[in-house]
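Residue numbers (numbering that gives the first Met the number 0): 0 to 271.
All residues carry an ideal CB built from backbone N, CA and C; glycine is no exception.
Please read these numbers as outputs of a predicted model, since none were measured by experiment.
Below is one structure, written out as structure tokens; the observations come after it.
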Amino acid sequence: MLTDGSIAVQSASEAPFYRAVGDEAEVFRAAAGGGLPVLLKGPTGCGKTRFVEAMAHELGRGLITVAGHEDMTSADLVGRFLLKGGETVWVDGPLTRAVREGAICYLDEVVEARQDTVVVIHPLADHRRELALDRLGTTLSAAPGFQLVISYNPGYQSVLKNIKESTRQRFVAIELDFPPAEIEEQVVAHEAGIDAGTAGTLVRLGNAIRNLDGSPLREVSSTRMLILAGCLVAQGLSLRGAVQSAVVQTLSDDPDVVRALGELADAVLPRA
Ligand SMILES: Nc1ncnc2c1ncn2[C@@H]1O[C@H](COP(=O)(O)OP(=O)(O)O)[C@@H](O)[C@H]1O
Ligand SMILES: [Mg+2]
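Here it is, written out as structure tokens:
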């Protein structure tokens with residue numbers, strides 16, 4: 000599905016598997032109906048990307064995903080002139096393509112990007128629904144169906160510092176979090192292809208780590224990590240080995256923390 004670098008384009012295929020946790024799908028549908036931009040908040044690996052993929056599919060819209068990073072420039076979003084066989088030709092960036100095609104443009108972790116990059120989205124997020132192509136001297140009106148979706152992880156400080164308050168107030172905010180245990184268990188079992196019992200054990204461990212008091216971890220065990228551990232189990236690795244590699248060692252490099260997480264895992268996992 001990945002095309003070039005950080006840009007992914009979703010084409011028509013079967014519906015992505017997504018288990019709704021609250022009213023997020025209803026809110027998204029309403030926002031999409033009104034052409035309103037959406038701000039998705041939630042920790043890494045909780046299902047934000049999957050949710051957008053599922054909604055784009057349900058709404059029959061194209062989905063163009065851009066992963067934000069601090070070196071991203073507005074040209075990376077809007078487009079640039081490139082030299083092709085001695086000729087300079089304009090090549091649309093992913094945002095411009097979404098604006099022309101009436102697709103959903105999902106800017107993943109866009110707050111990583113610099114201020115001068117993010118300004119291009121302001122007139123797209125408000126009632127103007129316009130994108131200025133300064134280099135071409137034109138302004139595009141967004142095609143019907145175009146929708147801006149941006150995500151961020153509220154656990155990182157300085158988020159949204161690059162988005163003007165007046166723009167931010169135009170977004171419909173949807174907060175996602177790790178699903179409740181019974182849903183997360185189904186997700187892990189489905190995605191990793193493991194039995195419900197093993198998935199349940201992984202979810203119990205995930206929640207034990209999430210509920211640690213005074214946790215020194217920057218990120219907690221995500222649904223994505225639990226799925227990864229499940230995939231290793233599906234490949235024949237022991238549950239302990241899978242947890243060690245996909246969860247414990249991933250969460251920290253500090254030997255004391257790794258040891259403490261290992262002990263927690265020993266307490267939660269069934270005896271070998
Ligand atoms: N509610 C859910 N329904 C289905 N799959 C989910 C759900 N939440 C998380 N997942 C699974 O977790 C993985 C990680 O989620 P992802 O959408 O990539 O997280 P994020 O974008 O928030 O970092 C997905 O690939 C998917 O397999
Ligand atoms: Mg994501």
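Do you know offhand how far residue i's Cα is from residue j's?
i	j	result
Thr197	Gly229	8 angstroms
Tyr17	Gly192	15 angstroms
Pro178	His189	14 angstroms
Arg96	Ala102	8 angstroms
Val158	Arg270	Confidence in Val158 is poor, its pLDDT being 49 and thus under 50, which makes the residue's placement too unreliable to answer from.
Ile182	Ser12	24 angstroms
Glu52	Tyr105	9 angstroms
Val171	Ala195	35 angstroms
Leu238	Met54	33 angstroms
Ala259	Leu201	17 angstroms
Val281	Ser214	Within the shown structure, residues of the chain are numbered from 0 to 271, placing residue 281 beyond reach of any answer.
Trp118	Ala207	The sequence shown places Val at residue 118, not Trp. Cα-Cα distance, rounded: 41 angstroms.
Gly136	Asp176	42 angstroms
Glu262	Glu218	19 angstroms
Starting from residue i, trace the alpha helix (DSSP H) both ways and give me its first and last residue.
i	result
Cys272	Only positions 0 to 271 of the chain appear in this structure, which leaves residue 272 out of reach.
Ile208	Ala195 to Arg209
Ala29	Glu23 to Gly32
Asp265	Pro254 to Val267
Leu231	Thr222 to Ala233
Contact defined as beta carbons within less than 8 angstroms: I believe residue i pairs with residue j. What is the distance between those atoms, to the nearest angstrom?
i	j	result
Leu268	Leu204	7 angstroms
Pro15	His56	6 angstroms
Thr43	Asn210	Actually they are not in contact, since the Cβ atoms of Thr43 and Asn210 sit about 18 angstroms apart, beyond 8 angstroms.
Val98	Ala141	5 angstroms
CB-CB under 7 angstroms to residue i, same chain, minus the five flanking residues each way: which ones, in chain order?
i	result
Ala245	Met224, Leu227, Ala228 and Leu231
Pro143	Gly101
Gln185	Arg18
Thr249	Met224
Output the boundary residues of the beta strand (DSSP E) element that contains residue i.
i	result
Thr72	Segment: none, Thr72 is in no beta strand (DSSP E) and carries neither H nor E.
Gln146	Gln146 to Tyr151
Glu108	Counting along the chain, Glu108 falls outside any beta strand (DSSP E), and DSSP gives it neither H nor E.
So, for residue i: in the same chain, excluding its five sequence neighbours on each side, which residues have a beta-carbon less than 6 angstroms away from its beta-carbon?
i	result
Asp91	Gly78
Glu23	Ile173
Asp274	Any answer about residue 274 is impossible in this case: the structure gives the chain only from 0 up to 271.
Ala131	Thr138
Are residue i and residue j closer than 8 angstroms when you measure CB to CB?
i	j	result
Gln146	Pro254	no
Leu38	Ile149	yes
Glu69	Arg113	yes
Cys45	Ser221	yes
Asp107	Thr166	no
Can you list, in chain order, the residues of its chain with a C-beta nearer than 8 angstroms to that of residue i? Leave out the 5 residues immediately preceding and following it.
i	result
Glu111	Gly67, His68, Glu69 and Met71
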